[in-house]
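The structure under discussion appears below in the form of structure tokens.
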């Protein structure tokens, strides 16, 4: 595996108590182990993309400047630890707009693959929501589910054995870095 596409909310950071995404850096909380996992991947030479639906922008409840500030701080934290997030791609549209970038459609993931220059067969997508898994499948990428965020609920909605499932992003990274040179990931 040479490229990993990460969902943001529920994979990298906690959602707010009301179940929504953070609206400013002060509300941001890294999930345990996620920050170090990103750095481990980056130091191993893996290209990293973050893709996220942020319909609050389209609904007027999240200012684009606040989101950009969160992403700048997120990247700064990773860089300060010796890692690099190559890109952050956002769908800012409300669900009823009918765009092609909102997950479960594959638009953001396909954009990340194109921008990375890494072939899809050496790219995996990690998410916590059924729409993340569906977007990965629609983009012909290997999908991996984490049990953080909405992951435990999502796991119960998936047919057993159809997707590799891990407790959190750190467990995914340990498996990826210990796996075959091709970077194929198998269910634990």
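In the working numbering, the protein residues as written are 834 to 1021.
The C-beta atom is built at its ideal place from N, Cα and C for all residues, glycine as well.
Source: prediction; values computed, not measured.
Could you spell out the range, first to last residue, of the alpha helix (DSSP H) harbouring residue i?
i, result
"residue 815", "The shown model of the chain, from 834 to 1021, leaves out residue 815, and the question about it has no answer."
"residue 966", "963-971"
"residue 837", "Counting along the chain, residue 837 falls outside any alpha helix (DSSP H), though it belongs to the beta strand (DSSP E) covering 836-840."
Could you name the residues of the same chain whose beta carbon sits closer than 7 angstroms to that of residue i, not counting the 5 residues immediately before and after it, in chain order?
i, result
"residue 970", "976"
"residue 938", "968, 971"
"residue 1019", "A caution first: residue 1019 carries a pLDDT of 47, below 50, which makes its placement in the model unreliable, though a value can still be read off. For residue 1019, where only same-chain residues beyond five positions count, the Cβ hits under 7 angstroms are 997."
Could you have a look at residue i and say whether DSSP puts it in helix, strand or coil?
i, result
"residue 889", "helix"
"residue 993", "coil"
"residue 958", "strand"
"residue 856", "coil"
"residue 946", "helix"
"residue 847", "coil"
Of all the options the options, which has the alpha carbon lying nearest to the alpha carbon of residue i?
i, options, result
"residue 840", "958, 985, 943", "958"
"residue 872", "954, 837, 861, 860", "837"
"residue 966", "993, 947, 936", "936"
"residue 868", "974, 941, 1003, 931", "1003"
"residue 930", "991, 988, 887, 984", "887"
"residue 928", "917, 890, 915", "890"
Take residue i and list the residues in its own chain whose beta-carbon comes closer than 8 angstroms to its own, dropping the five residues that flank it on each side.
i, result
"residue 857", "899, 902, 903"
"residue 1000", "979, 980, 981"
If you follow the beta strand (DSSP E) that residue i is part of, which residue opens it and which one closes it?
i, result
"residue 923", "920-924"
"residue 976", "975-979"
Near residue i, what residues of its chain come up, given a Cβ to Cβ distance below 6 angstroms and the 5 sequence neighbours on each side ignored?
i, result
"residue 949", "836, 880"
Evaluate contact between the region 883-891 and the region 919-927, counting only Cβ atoms and requiring at least three cross-stretch pairs below 8 angstroms. yes
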